[in-house]
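Student: Please find one structure pasted underneath; my questions will follow.
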Amino acid sequence: STMTVGTYLAQRLVEIGIKNHFVVPGDYNLRLLDFLEYYPGLSEIGCCNELNCAFAAEGYARSNGIACAVVTYSVGALTAFDGIGGAYAENLPVILVSGSPNTNDLSSGHLLHHTLGTHDFEYQMEIAKKLTCAAVAIKRAEDAPVMIDHAIRQAILQHKPVYIEIPTNMANQPCPVPGPISAVISPEISDKESLEKATDIAAELISKKEKPILLAGPKLRAAGAESAFVKLAEALNCAAFIMPAAKGFYSEEHKNYAGVYWGEVSSSETTKAVYESSDLVIGAGVLFNDYSTVGWRAAPNPNILLNSDYTSVSIPGYVFSRVYMAEFLELLAKKVSKKPATLEAYNKARPQTVVPKAAEPKAALNRVEVMRQIQGLVDSNTTLYAETGDSWFNGLQMKLPAGAKFEVEMQWGHIGWSVPSAMGYAVAAPERRTIVMVGDGSFQLTGQEISQMIRHKLPVLIFLLNNRGYTIEIQIHDGPYNRIQNWDFAAFCESLNGETGKAKGLHAKTGEELTSAIKVALQNKEGPTLIECAIDTDDCTQELVDWGKAVASANARPPTADN
Ligand SMILES: Cc1ncc(Cn2nnc(CCOP(=O)(O)OP(=O)(O)O)c2C)c(N)n1
Ligand SMILES: [Mg+2]
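According to the numbering used here, the sequence shown is numbered sequentially starting from 39.
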């Protein structure tokens, strides 16, 4: 048969639903890239660098469910690893494939380019093992099928990135043909007895409580448990909250939706009060870190926290393994009775949506006016990306109509993630309108990835919030390091057009300039449009100011005697 290691990988990628893979070529992966590119149903998207390549793949995975990035050895993989760490932190199954040295060189005493100039060819795999849930290095073509299937299956089951290393002389080697893809993709189910017991214990505990509430966490989507969460909310008919990193995973128009709980920067006083009055928090994929607990001030009380993670459930005094979140929430919904107290309390003081009125058209643009105009664009077909920065806080305040989606990277929090990730997302979901809110500081890390939006005619709409510096850092702790060289971001964007591109770069210094820039952007179907919104450095959300102070004091805690 003509089956080779390269074709085997290509076939598996197509069988798991990947249509595009993200690449930066290098002589350790060129032959492999040929096999992938030639395979029907698979086509490559070249990226400007390997960090952007990994971020583009994680963006593709946010829409498509799973993604693949292919890079060259060492100089390529080491920057890709930064984006792969992000995929791990954000529970996104990205398959990182790296070329590696010709097998004849490994024990020949040869020194190789792109390496450290030593005979150590293991350091890359050692790092990969830290950042993925499975890492394989193919040394013999006969082993390729089992190793590739194992890695891909682990990515699917654990919703984490995996690593496959393929020597430069391996892609064209004959190997056995793949077996049925079901061996790779068939789901795991909960242990029946544990599922029954866990839901019995949970239902028993809930029945004794007056004011249980639900809290959607950042792993809800990774677990595929969004609809099960809604079922449980309706069965309990209690108030249901989201953590900031779970925005978009639970409809804000649902009758039980009670806002974003984020301690003192929650979406409203009512949200904060009702959440903090509860006597049992039923979490679904929650994760409490220093940022999501506002410097530990809003950390949960473990004695009243029941959390379903994607393969285990913890209830005060109990832990059940091999209980999958969607099945747990679904079965629990059948075993509980109504507990409406918290929803009634929320509805009694339901916060009114304040719609800011349009600013004076010729007045200097400010943050509220920018957000008012972006809000007007968000509809059921919109995916809104919010970059690290005040964009987090502005994004979280956006109202999402049913069907609208929201992407954020609050665990890894890598500035510069949004532009390449949004490019990958737009490749996966061309039918949606992808809108990015990104600050000037973040944009300077990876803004050149607009290049692929131009090349592939992706009409992504980028709002560049230019407040002339690192405002989120200024609010945490200021210093000269938070100032940057100001760019003409609009001109930068158009400079990437070369002879053929259709990108537009526009400046908006007033409300009316922003309105007309948005009109131009909505007509530009042939490429991305960047609108550079000029606002003052300290024109940020009050939430960022309060949150920044809390995070700063948490960072400043002196070492204690025992650490
Ligand atoms: C890779 C990486 N390097 C450094 C940081 C620290 N950091 N976090 N936010 C920032 C500044 C963000 O500034 P902008 O994008 O302009 O956002 P704004 O807060 O809206 O001004 C830094 C430098 C980070 N979060 N990620
Ligand atoms: Mg800024």
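From the three backbone atoms N, C-alpha and C, an ideal C-beta is built for every residue, glycine too.
#1: To the nearest angstrom, how far is it from the Cα of LEU438 to the Cα of PRO131?
#2: In whole angstroms, what is the alpha-carbon distance linking ALA127 and GLN449?
#3: Check each residue's C-beta against every heavy atom of ligand 1 and list, in chain order, those closer than 7 Å.
#4: Do ILE342 and VAL324 have their C-beta atoms closer together than 8 Å?
#5: Applying the 10 Å Cβ sphere with the 16-neighbour rule, what's the burial state of ASN505?
#6: Would you kindly check if the distance between the Cβ of LYS372 and the Cβ of ARG250 is under 8 Å?
#7: What first and last residue would you give for the alpha helix (DSSP H) that runs through ILE204?
#8: Go ahead and label HIS452 buried or exposed: buried means 16 or more other beta carbons lie within 10 angstroms of its beta carbon, across all protein chains shown.
#9: For ALA387, count the other beta carbons within 10 Å of its own beta carbon; 16 or more makes it buried, fewer makes it exposed. Which is it?
#10: Kindly give me the distance between the Cβ atoms of ILE223 and GLY137, rounded to whole angstroms, as I take these residues to be in contact under 8 Å.
#11: Excluding sequence positions up to five away, which residues of its chain have a Cβ less than 8 Å from the Cβ of ASP478?
#12: Check the C-beta distance from SER201 over to LEU134 and give it rounded, since I have them as a contact under 8 Å.
#13: In the DSSP output, what is PHE358 paired with across the bridge?
#14: What does ASN504 pair with, by DSSP beta-bridge criteria?
#15: Name the one or two DSSP bridge partners that TYR423 has.
#16: What whole-angstrom Cβ distance do ALA277 and THR380 have, given they're in contact under 8 Å?
#17: Go through its chain and collect everything with a Cβ distance to ALA175's Cβ below 6 Å, but skip five positions before and after it.
#18: By a C-beta neighbour count over all protein chains shown, 10 Å radius and 16 as the cutoff for buried, is GLU445 buried or exposed?
#19: Who pairs with HIS545 in a beta bridge, going by DSSP?
#20: In three-state terms, what does DSSP make of HIS188?
#21: Where DSSP assigns a beta bridge to SER136, which residues make up the other side?
#22: If you draw a straight line from the alpha carbon of ASP576 to that of TYR519, how long is it in whole angstroms?
#23: Buried or exposed for GLU291, going by 16 or more other Cβ atoms inside 10 Å?
#24: Could you spell out the range, first to last residue, of the beta strand (DSSP E) harbouring GLY384?
#25: Which value, in whole angstroms, describes the spacing of the CA atoms of GLY255 and GLU447?
#26: Can you tell me which of PRO78, PHE60, GLY79 and SER375 puts its alpha carbon nearest to the alpha carbon of LYS246?
#27: Using only the alpha-carbon positions, how far apart do VAL303 and LEU243 sit?
#28: With a CB to CB cut of under 8 Å and the five nearest residues on each side skipped, what residues in its chain are close to LEU258?
#29: From LYS293, ALA260 and MET281, pick the residue whose C-alpha is nearest to that of LEU274; which is it?
#30: Which residue wins for smallest C-alpha separation from ASN385, given the options ILE190, TYR356, ALA296 and ALA271?
#31: Under DSSP, the alpha helix (DSSP H) around TYR98 begins and ends at which residues?
#32: In angstroms, rounded to a whole number, what distance separates the CA positions of LEU47 and HIS59?
#33: What residue range does the beta strand (DSSP E) around PRO250 cover?
#34: Terminal residues of the continuous alpha helix (DSSP H) containing ASN345?
#35: Return the residue from the list LEU51, VAL357 and LEU422 that minimises the CA-CA distance to CYS77.
#36: Kindly indicate the opening and closing residues of the beta strand (DSSP E) around ILE227.
Tutor: From the atom records:
#1: The residue given as residue 438 occupies position 400 in the sequence shown. The residue given as residue 131 occupies position 93 in the sequence shown. LEU438 and PRO131: Cα-Cα distance of roughly 26 Å.
#2: Numbered from 1 along the sequence shown, position 89 holds the residue referred to as residue 127. Numbered from 1 along the sequence shown, position 411 holds the residue referred to as residue 449. One C-alpha to the other measures close to 6 Å.
#3: Selection output, chain order preserved: GLU425, THR426, GLY427, ASP428, SER429, GLY451, HIS452, ILE453, GLY454, VAL476, GLY477, ASP478, GLY479, SER480, PHE481, LEU483, LEU503, ASN505, GLY507, TYR508, THR509, ILE510, GLU511 and CYS578.
#4: What you label residue 342 is simply residue 304 of the sequence shown in a count that begins at 1. What you label residue 324 is simply residue 286 of the sequence shown in a count that begins at 1. Cβ distance not < 8 Å, so ILE342 and VAL324 don't count as in contact.
#5: Taking the first residue of the sequence shown as 1, we reach residue 505 at position 467. Result: buried.
#6: Residue numbering aside, residue 250 sits at position 212 when the sequence shown is read from its first letter. Residue numbering aside, residue 372 sits at position 334 when the sequence shown is read from its first letter. For clarity, residue 250 is Pro in the given sequence; the question names Arg instead. No Cβ-Cβ contact shorter than 8 Å links PRO250 with LYS372.
#7: Position 166 of the sequence shown, counting from 1, holds the residue named residue 204. ILE204 -> not in any alpha helix (DSSP H); beta strand (DSSP E) instead, spanning 200–205.
#8: As a working note, residue 452 is residue 414 in the sequence shown. With at least 16 other beta carbons inside 10 angstroms of its own, HIS452 counts as buried.
#9: In the sequence shown, residue 387 corresponds to position 349, counting from 1. Exposed.
#10: Numbered from 1 along the sequence shown, position 185 holds the residue referred to as residue 223. Numbered from 1 along the sequence shown, position 99 holds the residue referred to as residue 137. Under the criterion of beta carbons closer than 8 Å, ILE223 and GLY137 do not qualify as touching, at roughly 26 Å.
#11: Taking the first residue of the sequence shown as position 1, residue 478 is located at position 440. These residues qualify, in order along the chain: LEU502, LEU503, ASN504, ASN505, ARG506, GLY507, ILE522, ASN524, TRP525 and PHE527.
#12: On the sequence shown, position 163 is the one that residue 201 refers to. On the sequence shown, position 96 is the one that residue 134 refers to. In the sequence on display, residue 201 carries Tyr and not Ser. About 5 Å separates the two Cβ atoms, so the contact holds.
#13: Counted from its first residue, the sequence shown places residue 358 at position 320. According to the DSSP secondary-structure assignment, PHE358 is paired through a beta bridge with VAL351.
#14: Position 466 of the sequence shown, counting from 1, holds the residue named residue 504. Partner(s): ALA572.
#15: Locating residue 423 in the sequence shown gives position 385, where the first residue counts as 1. Under DSSP, the beta-bridge partners assigned to TYR423 are GLU445 and VAL474.
#16: As a first step, residue 277 is located in the sequence shown; it is residue number 239 there, counting from the start. As a first step, residue 380 is located in the sequence shown; it is residue number 342 there, counting from the start. The beta-carbon separation of ALA277 and THR380, rounded to 4 Å, stays under the 8 Å limit for a contact.
#17: The sequence position of residue 175 within the sequence shown is 137, counting from 1. Taken in chain order, the residues that qualify are MET163 and GLU203.
#18: Position 407 of the sequence shown, counted from the start, is the residue given in the question as residue 445. Classification of GLU445: buried, given that the 10 Å Cβ count is 16 or more.
#19: Residue numbering aside, residue 545 sits at position 507 when the sequence shown is read from its first letter. Note: HIS545 sits in a beta bridge opposite GLU570.
#20: Stepping through the sequence shown from its first residue, residue 188 is reached at position 150. HIS188: helix per DSSP, three-state reduction.
#21: Taking the sequence shown and counting its residues from 1, one reaches residue 136 at position 98. Answer by DSSP bridge pairing, in chain order: VAL109 and GLU203.
#22: Sequence index remark: in the sequence shown, residue 576 carries index 538 (1-based). Sequence index remark: in the sequence shown, residue 519 carries index 481 (1-based). Going by the C-alpha atoms only, they are around 16 Å apart.
#23: By 1-based counting over the sequence shown, the position of residue 291 is 253. Label assigned to GLU291: exposed.
#24: If you number the sequence shown from 1, residue 384 lands on position 346. The sequence given here has Tyr at residue 384, not Gly. Run containing TYR384: none in the beta strand (DSSP E); it sits in the alpha helix (DSSP H), 379–386.
#25: Here the question's residue 255 lines up with position 217 in the sequence shown. Here the question's residue 447 lines up with position 409 in the sequence shown. One Cα belongs to GLY255, the other to GLU447, and the distance between them is close to 13 Å.
#26: Here the question's residue 246 lines up with position 208 in the sequence shown. Closest by C-alpha distance to LYS246, out of PRO78, PHE60, GLY79 and SER375, is SER375.
#27: Reading the sequence shown from its first residue, position 265 is the one you call residue 303. Reading the sequence shown from its first residue, position 205 is the one you call residue 243. The straight-line gap from Cα to Cα measures roughly 30 Å.
#28: Taking the first residue of the sequence shown as position 1, residue 258 is located at position 220. Excluding residues within five positions, the ones whose Cβ falls inside 8 Å are GLU264, PHE267, ALA284, PHE287, TYR288, ALA322, GLY323 and MET363.
#29: Counting from 1 along the sequence shown, the entry for residue 274 is found at position 236. Selection LYS293, ALA260 and MET281 evaluated against LEU274 yields LYS293 as nearest (Cα-Cα).
#30: The residue you call residue 385 lines up with position 347 of the sequence shown. Comparing Cα-Cα distances from ASN385 to each of ILE190, TYR356, ALA296 and ALA271, the minimum goes to ALA296.
#31: Here the question's residue 98 lines up with position 60 in the sequence shown. Segment 88–102, the alpha helix (DSSP H) holding TYR98.
#32: In the sequence shown, counting from the first residue as 1, residue 47 sits at position 9. In the sequence shown, counting from the first residue as 1, residue 59 sits at position 21. Each residue's Cα considered, the two are about 12 Å apart.
#33: Here residue 250 refers to the residue found at position 212 when the sequence shown is read from its first residue. Start and end: 250–254.
#34: Residue numbering aside, residue 345 sits at position 307 when the sequence shown is read from its first letter. Premise fails: ASN345 lies in the beta strand (DSSP E), 343–346, not in any alpha helix (DSSP H).
#35: By one-based count along the sequence shown, residue 77 stands at place 39. It should be noted that the sequence gives Tyr, not Cys, for residue 77. Among LEU51, VAL357 and LEU422, the Cα nearest to that of TYR77 is on LEU51.
#36: The residue you call residue 227 lines up with position 189 of the sequence shown. For ILE227, there is no enclosing beta strand (DSSP E), as DSSP marks it with neither H nor E.
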